[in-house]
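Going by full-length UniProt numbering, the sequence shown opens with residue 1, and the numbers climb by one from there.
A virtual CB, placed ideally from N, CA and C, is assigned to each residue, including glycine.
This report concerns only the one structure given below.
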Amino acid sequence: MEYRGDIINAKSNDGWTPLHVAAHYGRDSFVRLLLEFRAEVDPLSDKGTTPLQLAIIRERSSCVRILLDHSANIDIQNGFLLRYAVIKGNHSYCRMFLQRGADTNLGRLEDGQTPLHLSALRDDALCAQMLYTYGANTNTRNYEGQTPVAVSVSMSGISRPCLDFLQEVTNNKTMEVDTRFTFY
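So, in structure tokens, the structure goes:
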């Protein structure tokens, strides 16, 4: 078969390439074949979506692995993939991305929330532990000036395992959230 970059990377009206379609539908054999014939691994659709993002959102784990094995950008869109895994509570994707070098400290452009902030919001202690192990900064502040501990405190009303963990690793048992309240 002859290489035809113009066909392999052709875009539909919405900017999807054949790789977008194959990843979206979980067709790992087509994903492999397209990459073997040098399809661009990180093309952006008109909405800024990559094949890897589609595979993750649609939970096509074999396609995710294939794309990552072919050097898909794990930190594309300022770390969307890791944050998405954290928000969804998908520990296997979270672990996979961390093991493959995802940046643990990239925050969302709109609010500065890092994956650790999001795990605090979800009270996901296991995810927080994984992120911390792979270098997440417990003192990073979002655009409201809150650290992950402050986010966890603001969400607490009952026992929160994530708060307990974050306080332990930051050696910060007292956290001032505003001038009226001090939480212990």
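Query raised in the report: For lysine 47, which residues from the same chain have a beta carbon less than 8 Å from its beta carbon, with the 5 sequence-adjacent residues on both sides left out?
Result: On the sequence shown, residue 47 is found 47 positions in, with the first residue counted as 1. So the list reads Asp14, Gly15, once near-sequence residues are dropped.
Query raised in the report: Can you name, in chain order, every residue of its own chain whose Cβ lies under 7 Å from the Cβ of isoleucine 74, other than the five neighbours on each side?
Result: Numbered from its first residue, the sequence shown carries residue 74 at position 74. Closer than 7 Å at Cβ, skipping near neighbours: Leu68, Leu81, Phe97, Arg100, Gly101, Ala102.
Query raised in the report: Is the distance from the Cβ of alanine 72 to the Cβ of aspartate 42 below 9 Å?
Result: As a first step, residue 72 is located in the sequence shown; it is residue number 72 there, counting from the start. As a first step, residue 42 is located in the sequence shown; it is residue number 42 there, counting from the start. Result yes, Cβ atoms of alanine 72 and aspartate 42 sit closer than 9 Å.
Report task. Assign alanine 10 to buried or exposed, taking buried as 16 or more other Cβ atoms, counted over all protein chains shown, within 10 Å of its Cβ. Result -> As a first step, residue 10 is located in the sequence shown; it is residue number 10 there, counting from the start. Taking all protein chains shown into account, alanine 10 has fewer than 16 neighbouring C-beta atoms within 10 Å of its C-beta and is therefore exposed.
Query raised in the report: Based on Cα-Cα distance, which residue from Ala55, Ile76, Cys127 lies nearest to isoleucine 87?
Result: As a working note, residue 87 is residue 87 in the sequence shown. For isoleucine 87, the closest C-alpha among the options Ala55, Ile76, Cys127 is that of Cys127.
Query raised in the report: Would leucine 35 be called buried (16 or more neighbouring beta carbons within 10 Å of its own) or exposed?
Result: On the sequence shown, residue 35 is found 35 positions in, with the first residue counted as 1. That one is buried.
Query - Pair within 9 Å by beta-carbon distance, asparagine 139 and histidine 117 - result: Here residue 139 corresponds to residue number 139 of the sequence shown, with the count starting at 1. Here residue 117 corresponds to residue number 117 of the sequence shown, with the count starting at 1. No; because the gap between Cβ atoms is not below 9 Å, this pair is not in contact.
**Report entry** Neighbourhood of aspartate 164 by C-beta distance below 8 Å, restricted to the same chain and skipping five residues each side
**Finding:** Translated into positions along the sequence shown, residue 164 becomes position 164. Excluding five sequence positions before and after aspartate 164, the CB atoms of its chain that fall closer than 8 Å to its own CB belong to Ala125, given in chain order.
Requested in this report: Alpha carbon to alpha carbon, how far is glutamate 144 from isoleucine 8? Give it in angstroms, no decimals.
Outcome: Along the sequence shown, read from residue 1 onward, the residue named residue 8 stands at position 8. Along the sequence shown, read from residue 1 onward, the residue named residue 144 stands at position 144. Cα-Cα distance, rounded: 44 Å.
Query raised in the report: Are isoleucine 56 and tyrosine 84 touching if we call contact CB-CB under 9 Å?
Result: Taking the first residue of the sequence shown as 1, we reach residue 56 at position 56. Taking the first residue of the sequence shown as 1, we reach residue 84 at position 84. At the C-beta level, isoleucine 56 and tyrosine 84 come within 9 Å of one another.
Query raised in the report: How would you label glycine 107, buried or exposed, when you count the other beta carbons within 10 angstroms and need 16 or more for buried?
Result: The residue you call residue 107 lines up with position 107 of the sequence shown. Classification of glycine 107: buried, given that the 10 Å Cβ count is 16 or more.
Query raised in the report: Cα-Cα, which of Leu166, Glu110, Asp123 is closest to methionine 155?
Result: Here residue 155 corresponds to residue number 155 of the sequence shown, with the count starting at 1. Looking at Leu166, Glu110, Asp123, the one whose alpha-carbon comes closest to that of methionine 155 is Asp123.
Query raised in the report: Which of the three DSSP states, helix, strand or coil, is assigned to tryptophan 16?
Result: For the purposes of this step, residue 16 is taken as the residue at position 16 of the sequence shown. Three-state DSSP puts tryptophan 16 in coil, outside helix and strand.
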